[in-house]
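Written below as structure tokens is the structure these notes are about.
2 protein chains.
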Amino acid sequence: MSEKAFQDYYPADLSHCYGCGNNNAHGHQIKSFWDGEETVAEFNPLPEHTAIPGFVYGGLIASLIDCHGTGSASAAAYKAAGRELGSEPALRFVTANLNVDFLAPTPMGQTLKLRGTITECKEKKVVVDITVSAGETVCAKGRVIAVKMPASMAS
Amino acid sequence: MSEKAFQDYYPADLSHCYGCGNNNAHGHQIKSFWDGEETVAEFNPLPEHTAIPGFVYGGLIASLIDCHGTGSASAAAYKAAGRELGSEPALRFVTANLNVDFLAPTPMGQTLKLRGTITECKEKKVVVDITVSAGETVCAKGRVIAVKMPASMAS
Numbered sequence: 001m002s003e004k005a006f007q008d009y010y011p012a013d014l015s016h017c018y019g020c021g022n023n024n025a026h027g028h029q030i031k032s033f034w035d036g037e038e039t040v041a042e043f044n045p046l047p048e049h050t051a052i053p054g055f056v057y058g059g060l061i062a063s064l065i066d067c068h069g070t071g072s073a074s075a076a077a078y079k080a081a082g083r084e085l086g087s088e089p090a091l092r093f094v095t096a097n098l099n100v101d102f103l104a105p106t107p108m109g110q111t112l113k114l115r116g117t118i119t120e121c122k123e124k125k126v127v128v129d130i131t132v133s134a135g136e137t138v139c140a141k142g143r144v145i146a147v148k149m150p151a152s153m154a155s
Numbered sequence: 001m002s003e004k005a006f007q008d009y010y011p012a013d014l015s016h017c018y019g020c021g022n023n024n025a026h027g028h029q030i031k032s033f034w035d036g037e038e039t040v041a042e043f044n045p046l047p048e049h050t051a052i053p054g055f056v057y058g059g060l061i062a063s064l065i066d067c068h069g070t071g072s073a074s075a076a077a078y079k080a081a082g083r084e085l086g087s088e089p090a091l092r093f094v095t096a097n098l099n100v101d102f103l104a105p106t107p108m109g110q111t112l113k114l115r116g117t118i119t120e121c122k123e124k125k126v127v128v129d130i131t132v133s134a135g136e137t138v139c140a141k142g143r144v145i146a147v148k149m150p151a152s153m154a155s
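Protein chains in written order, with full-length UniProt numbering: chain A, 1 to 155; chain B, 1 to 155.
If you want it as structure tokens, here you go:
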């Protein structure tokens, strides 16, 4: 795993995301990395990220998949273009579709591990398939269809 | 609209959800209501619920859809059974699949309005289709496939 996360290369004005922005003190600050051809991230849910006592809130799981997906999409796009992460102009992606299957209740008190596979990588569209595991159990599977950030969203 | 939200009828031990639990001081505390045959909820994103400056974080939108979906599923199940909301035994649903299409960037600074349609209602499975609007713009559409809460999750 590299030392800097994908999200650490986002420009400062694109680093306010509640899920993964370095500049969002209230957010989840998800960090994603390459692990060979796959992408990985870890997250330790806070006590308040509860669904019912003992289990992790599905909306948090969806959020982790979302941000790990768009981060992975960005990294994959840089890689496909033969460019270094963080080089200008920034290649940033947003989610067009998020689909999550909740396969098993996700226990609190464990580090959640996300693993992403780049299923499709085109210039304007990247598809990332992601598993969320607690220990040996795959608790959720998700797919993020990420599209290049529209100019209307850029500052 | 009725005065008490669906979530206000959840038993206390099922009211810790980050998205909609009355007993989660850190959470979103989403409130859902009937509006005729449809279900509605409103939410005002906080400043930290940012994706990129000016726009709402997709993970929050997914979370709102998730909790409005399971809340609507519960209410629909009570209605289908001819039972009063909150009567025992509790009819609680969890999300098996969450699918969200992000159709337009969701602006900050507006009340988001969710509207749910009960597309399918069986004893153990309820499907809810939900739109999320800011003003006149439908920013996201989601589908929640909710299933009756497994006994393994009940306390």
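For every residue, glycine included, the Cβ atom is placed at its ideal position computed from N, Cα and C.
When you compare the CB of residue i with every CB in chain D, is at least one pair closer than 9 Å?
| i | result |
| --- | --- |
| A/N24 | Among the protein chains of the structure shown, namely A and B, there is no chain D. |
So which residues on chain A does residue i lean against when the C-beta distance must stay under 9 Å?
| i | result |
| --- | --- |
| B/D129 | In chain order: nothing, as chain A lies at least about 14 Å away. |
| B/N44 | Neighbours of B/N44 on chain A: none; closest Cβ ~15 Å, over 9 Å. |
Using three-state DSSP, classify residue i as helix, strand or coil.
| i | result |
| --- | --- |
| B/I65 | helix |
| B/L14 | helix |
| residue 170 of chain B | What is shown of chain B runs 1 to 155, which leaves residue 170 of chain B out entirely. |
| A/L85 | coil |
| B/A75 | helix |
| B/T70 | helix |
| A/A25 | coil |
| B/G142 | strand |
| A/G116 | strand |
| A/M1 | A caution first: A/M1 carries a pLDDT of 49, below 50, which makes its placement in the model unreliable, though a value can still be read off. Correct three-state label for A/M1: coil. |
| B/S133 | strand |
| A/F6 | helix |
| A/L98 | strand |
| A/A51 | coil |
| B/A80 | helix |
| A/A104 | coil |
| B/A151 | helix |
If the cut is a Cβ gap below 7 Å, which residues of chain B does residue i touch?
| i | result |
| --- | --- |
| A/F55 | M153 |
Can you name the residues of chain A whose CB is closer than 7 Å to the CB of residue i?
| i | result |
| --- | --- |
| B/G27 | E48 |
Show which residues of chain B have a CB atom less than 9 Å away from the CB atom of residue i.
| i | result |
| --- | --- |
| A/S63 | Y57, G58, G59, L60, A62 and S63 |
| A/D13 | I52 and P53 |
| A/P89 | Under the 9 Å cutoff, chain B gives no residues; its nearest Cβ is about 15 Å from A/P89. |
| A/P105 | V94, P150, S152 and M153 |
Compute the beta-carbon to beta-carbon distance between residue i and residue j, rounded to the nearest angstrom, for a pair I have assumed lies under 8 Å.
| i | j | result |
| --- | --- | --- |
| A/L64 | A/L112 | 7 Å |
| A/V56 | A/P45 | 5 Å |
| A/I61 | B/H16 | Their Cβ separation, rounded to whole angstroms, is 16 Å, which puts A/I61 and B/H16 out of contact at 8 Å. |
| A/F54 | A/P107 | Reading off the sequence shown, one finds Gly at residue 54 of chain A, where the question assumed Phe. Their Cβ separation, rounded to whole angstroms, is 7 Å, which keeps A/G54 and A/P107 in contact under 8 Å. |
Name, please, each residue of chain A whose Cβ falls closer than 8 Å to the Cβ of residue i.
| i | result |
| --- | --- |
| B/Y18 | E48, H49, T50, A51, Y57, G59 and L60 |
| B/F102 | V94, T95, A96, N97 and L98 |
| B/C67 | G59 |
How do the stretch 130-147 of chain A and the stretch 20-37 of chain B stand: do at least 3 beta-carbon pairs fall below 8 Å, yes or no? By the Cβ rule, the stretch 130-147 of chain A does not count as touching the stretch 20-37 of chain B, because fewer than three pairs are nearer than 8 Å.
Is it the case that the stretch 105-124 of chain A contacts the stretch 72-80 of chain A, given that we only count it when at least three CB pairs across the two stretches are under 8 Å? Result yes; three or more Cβ-Cβ pairs closer than 8 Å.
So does the stretch 83-97 of chain A actually touch the stretch 91-103 of chain B, counting three or more Cβ pairs closer than 8 Å? Segments in contact, yes.
Across the stretch 26-45 of chain B and the stretch 5-13 of chain B, are there enough close Cβ pairs to call them in contact, namely three or more that are closer than 8 Å? Taking a contact to require three or more Cβ pairs closer than 8 Å, the stretch 26-45 of chain B and the stretch 5-13 of chain B qualify as touching.
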